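Peer 1: At position 23 of the sequence shown the residue is numbered 700 (our numbering), and the sequence of numbers has no breaks.
Glycine included, each C-beta is placed from N, C-alpha and C at the ideal position.
Computed from a predicted structure; not experimentally measured.
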Amino acid sequence: MTSRKKTNSATERLRQDYIRLKKDPVPYVVAEPLPSNILEWHYVVTGPENTPYSGGKYHGKLVFPPDFPYKPPSIYMITPNGRFKTNVRLCLSISDYHPDTWNPAWSVSTILTGLLSFMAEKSPTLGSIEMPDCERRRLAVESLDFNLRNKVFCSLFPDTVEVSFLFSWMENFNCDV
Numbered sequence: 678m679t680s681r682k683k684t685n686s687a688t689e690r691l692r693q694d695y696i697r698l699k700k701d702p703v704p705y706v707v708a709e710p711l712p713s714n715i716l717e718w719h720y721v722v723t724g725p726e727n728t729p730y731s732g733g734k735y736h737g738k739l740v741f742p743p744d745f746p747y748k749p750p751s752i753y754m755i756t757p758n759g760r761f762k763t764n765v766r767l768c769l770s771i772s773d774y775h776p777d778t779w780n781p782a783w784s785v786s787t788i789l790t791g792l793l794s795f796m797a798e799k800s801p802t803l804g805s806i807e808m809p810d811c812e813r814r815r816l817a818v819e820s821l822d823f824n825l826r827n828k829v830f831c832s833l834f835p836d837t838v839e840v841s842f843l844f845s846w847m848e849n850f851n852c853d854v
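1) Cα separation between threonine 778 and tyrosine 735?
2) Helix, strand or coil: how does DSSP classify isoleucine 771 here?
3) Look at the Cβ atom of glycine 733, then the Cβ atom of leucine 767, and state whether they are nearer than 8 Å.
4) Does DSSP put phenylalanine 795 in a helix, in a strand, or in coil?
5) Give me, in chain order, the residues of the same chain whose beta-carbon lies closer than 8 Å to that of tyrosine 705; leave out the 5 immediate sequence neighbours on both sides.
6) Would you mind reading off the limits of the beta strand (DSSP E) that contains alanine 708?
7) Using beta-carbon positions only, say whether alanine 687 and phenylalanine 745 come within less than 8 Å of one another.
8) Just to confirm my understanding: we take leucine 691, look at its own chain, exclude 5 residues before and 5 after, and list those with CB closer than 6 Å. What are they?
9) For the stretch 681-760, list the beta strand (DSSP E) runs that are entirely contained and at least 3 residues long, ordered along the chain.
10) Which residues in the same chain have their Cβ closer than 6 Å to the Cβ of phenylalanine 795, if we skip the five residues on either side of it in sequence?
11) What do you get for proline 872, buried or exposed, if any count of 16 or more other CB atoms within 10 angstroms of its CB means buried?
12) If distances are taken between C-alpha atoms only, which option among Leu739, Pro809 and Ser731 comes closest to tryptophan 718?
13) I think serine 731 touches alanine 817, with their Cβ atoms under 8 Å apart; what is that distance to the nearest whole Å?
14) Within its chain, find whatever has a CB closer than 6 Å to the CB of valine 707; leave out the 5 residues flanking it on each side and keep chain order.
15) Going by other Cβ atoms of all chains shown within 10 Å of its Cβ, with 16 needed for buried, is arginine 826 buried or exposed?
16) Just to confirm, is the Cβ distance from aspartate 694 to serine 784 under 8 Å?
17) Could you check the C-alpha separation between threonine 790 and serine 713 for me, to the nearest Å?
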């Protein structure tokens with residue numbers, strides 16, 4: 678298969694995955710492809726309740742190869758979180774570190790669901806870090822401020838940005854939040 682056909686196949690599959698993801702979102706996760714490159718998606722995981730990540734907003738990215746879905750994406754976490762190193766490829770069974778376990782039927786939704794699951798567990802993997810829960814809670818509180826300094830985050834997730842400014846405004850005027 679030529680490189681152009683591979684990219685066209687990946688593009689079509691990712692468009693279909695995007696439509697499905699909008700119709701049936703993954704709990705706690707939103708994702709958007711870059712407008713200029715459908716092979717690069719950015720996601721935001723909202724830390725689930727009853728975890729040290731509760732309330733945090735964790736920005737990361739998926740980089741798909743031109744021959745997706747036949748090969749898995751690279752997965753990165755951008756926001757400091759206490760579970761994964763930032764800005765390094767993560768070694769997960771759903772990432773390009775394990776092409777032997779990859780299943781072409783897996784979608785972007787499957788990848789994001791798997792990422793959320795890995796985030797909540799404690800087993801070590803290449804790219805993971807160990808940190809006390811109190812530190813993870815601190816990072817959860819600081820996560821949105823960190824993300825608001827990232828232009829890609831602000832452009833792809835304007836609803837999250839608007840909500841943060843609304844809460845900030847309400848706090849400045851001593852409104853009940």
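Peer 2: The answer reads as follows:
1) 26 Å
2) coil
3) no
4) helix
5) Val722, Thr723, Gly724, Pro725 and Leu793
6) 706-711
7) yes
8) Ile715
9) 706-711, 714-723, 734-740 and 751-754
10) Leu769
11) Beyond the ends of the chain as shown, which are 678 and 854, falls residue 872; an answer cannot be given.
12) Leu739
13) 6 Å
14) Val721
15) exposed
16) yes
17) 25 Å
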